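K.L.:
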Amino acid sequence: MEEKSDALVLRTADYGEHDRMLTLFTLRYGKVSAAAKGVRKTGAKLRFAAQPFCFAEYVFAERGGRRTVVSAANTDGFYALREDLRKFYAAASLCGLCDVLLYENIVTEELFLRAVNALHAMCEGDELEALLAFFVRALALSGYALAPLACAGCGAPLDERAYFDAAEGSFTCPACARGAGVSASTIAVLKKCEGAPFKEERATEDGEQRALKLLYAYFRVKTDARVTAVEELLRLF
Ligand SMILES: [Zn+2]
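Plus 23 on top of the position in the sequence shown (first one is 1) and you've got our numbering.
1) What does the Cβ neighbour count give for C121, buried or exposed, with the cut at 16 atoms within 10 Å?
2) Once you ignore the five residues that flank V277 on each side, which residues in its own chain have a CB closer than 8 Å to its CB?
3) Quick one: Cα of A114 to Cα of T195, how far?
4) Quick check on L169: does DSSP put it in helix, strand or coil?
5) Taking the alpha carbon of L172 as the reference point, which residue from D37, V159, G166 and L164 has its own alpha carbon closest?
6) Please name the residue, chosen from L256, L235, T209 and T98, that lies closest to V17 on a Cα-to-Cα basis.
7) Would you list the residues sitting across from K54 in a DSSP beta bridge?
8) Skipping 5 residues on each side, what residues in its chain have a beta carbon closer than 8 Å to that of H41?
9) Where does the unbroken beta strand (DSSP E) through G204 begin, and where does it stop?
10) Output the residues surrounding ligand 1, defined as those with a CB atom closer than 6 Å to any ligand heavy atom, in chain order.
11) Skipping 5 residues on each side, what residues in its chain have a beta carbon closer than 7 Å to that of R34?
12) Looking at C-alpha atoms only, which residue of V244, K54 and K222 is the closest neighbour of Y167?
13) Counting along the chain, where does the alpha helix (DSSP H) carrying V159 start and finish?
14) Note down the Cα distance separating A161 from V139, rounded to an integer number of angstroms.
15) Taking A252 as part of the beta strand (DSSP E), name the residues at either end of that continuous run.
16) In the DSSP assignment, find the beta strand (DSSP E) that holds D229 and state where it starts and stops.
17) Rounded to the nearest angstrom, what separates T209 and F78 at their Cα positions?
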């Protein structure tokens with residue numbers, strides 16, 4: 024049986040002499056594995072389709088749940104992501120997060136579209152901002168939504184320094200303090216990610232970096248998984 028879907032390459036693993044196993048985020052079938060045969064030969068026609076971050080329309084041959092890539096029509100290779108180290112690790116982080124958060128064969132159209140849009144945004148603009156906005160939404164769509172950005176104890180709005188409980192995913196004000204301290208710039212960046220009003224002058228790069236640390240700590244508690252690309256990205260600052 025043949026299947027066709029837009030898909031994004033999340034992960035690749037070489038096997039055999041010339042072959043590569045792909046983990047793909049497909050629009051129609053969710054996360055799937057597919058063999059890409061002969062793609063490591065020089066001049067292989069489907070070489071592009073077996074690269075990380077490749078976004079293409081794939082045709083698979085499916086037999087007994089095993090898929091093989093038959094053909095692919097390139098939509099976007101996101102080449103700008105390969106030419107800048109920070110963009111590369113931001114994109115690899117997005118793919119790694121998807122790989123952990125997605126279950127095999129479960130369709131999540133919204134997350135797919137957001138992933139593709141975030142990779143576009145990373146190519147053209149602030150890669151960290153795009154990654155953070157995606158991260159917040161991906162957590163929510165996976166059942167790990169952060170609590171609202173208000174104090175979980177007394178309901179006070181959070182504007183200054185606050186506290187974050189990574190086990191609960193909730194924030195508290197200094198008077199109710201539960202968990203680890205969070206800077207005012209981190210709060211501003213998280214508000215920006217959620218489309219809430221935020222203080223422009225506070226959404227600094229330092230705040231972005233701290234927000235990524237916070238989200239990743241929370242992700243680690245919830246999934247018990249690691250995404251090495253996020254750790255590499257944090258080391259680049
Ligand atoms: Zn409070």
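Cβ coordinates follow ideal geometry from the N, Cα and C atoms, glycine included. Values in this document were obtained by computation on a predicted structure and should not be read as measured data.
P.N.:
In short, the structure shows the following:
1) Taking the sequence shown and counting its residues from 1, one reaches residue 121 at position 98. Answer is buried; the Cβ neighbour count reaches 16.
2) No statement about residue 277 is possible, as the shown extent of the chain runs from 24 to 260 and does not include it.
3) Working through the sequence shown from its first residue, we reach residue 114 at position 91. Working through the sequence shown from its first residue, we reach residue 195 at position 172. C-alpha separation (whole angstroms): 31 Å.
4) If you number the sequence shown from 1, residue 169 lands on position 146. DSSP, reduced to helix, strand and coil, places L169 outside both helices and strands of the structure shown, so it counts as coil.
5) For the purposes of this step, residue 172 is taken as residue 149 along the sequence shown, with counting starting at 1. Shortest Cα-Cα distance from L172 to any of D37, V159, G166 and L164 involves V159.
6) Since the first residue of the chain shown is 24 and the last is 260, residue 17 is not available in this structure.
7) As a position in the sequence shown, residue 54 is number 31, starting the count at 1. When DSSP reads this structure, K54 sits in a beta bridge with F48 and E127.
8) Position 18 of the sequence shown, counting from 1, holds the residue named residue 41. K60, G61, V62, R63, K64 and A67, listed in sequence order.
9) Along the sequence shown, read from residue 1 onward, the residue named residue 204 stands at position 181. According to the DSSP assignment, G204 belongs to the beta strand (DSSP E) that extends over A203 to V205.
10) The set, ordered by position in the chain, is C174, G176, C177, A179, T195, C196, A198 and C199.
11) Counting from 1 along the sequence shown, the entry for residue 34 is found at position 11. Counting only Cβ-Cβ distances below 7 Å, and skipping sequence neighbours, we find T46, C118 and D122.
12) One-based indexing of the sequence shown puts residue 167 at position 144. Of V244, K54 and K222, the residue nearest in Cα terms is V244.
13) The residue you call residue 159 lines up with position 136 of the sequence shown. Note, V159: alpha helix (DSSP H), E150 to L164.
14) For this step, residue 161 is matched to residue 138 along the sequence shown. For this step, residue 139 is matched to residue 116 along the sequence shown. Cα-Cα distance, rounded: 13 Å.
15) Along the sequence shown, one-based indexing puts residue 252 at 229. Where A252 is concerned, there is no enclosing beta strand (DSSP E), although the alpha helix (DSSP H) around it starts and stops at T251 to R258.
16) Translated into the one-based positions of the sequence shown, residue 229 becomes position 206. First-last for D229: E228 to T246, but that is the alpha helix (DSSP H), not the beta strand (DSSP E).
17) For the purposes of this step, residue 209 is taken as the residue at position 186 of the sequence shown. For the purposes of this step, residue 78 is taken as the residue at position 55 of the sequence shown. Per the coordinates, the alpha-carbon of T209 lies some 32 Å from the alpha-carbon of F78.
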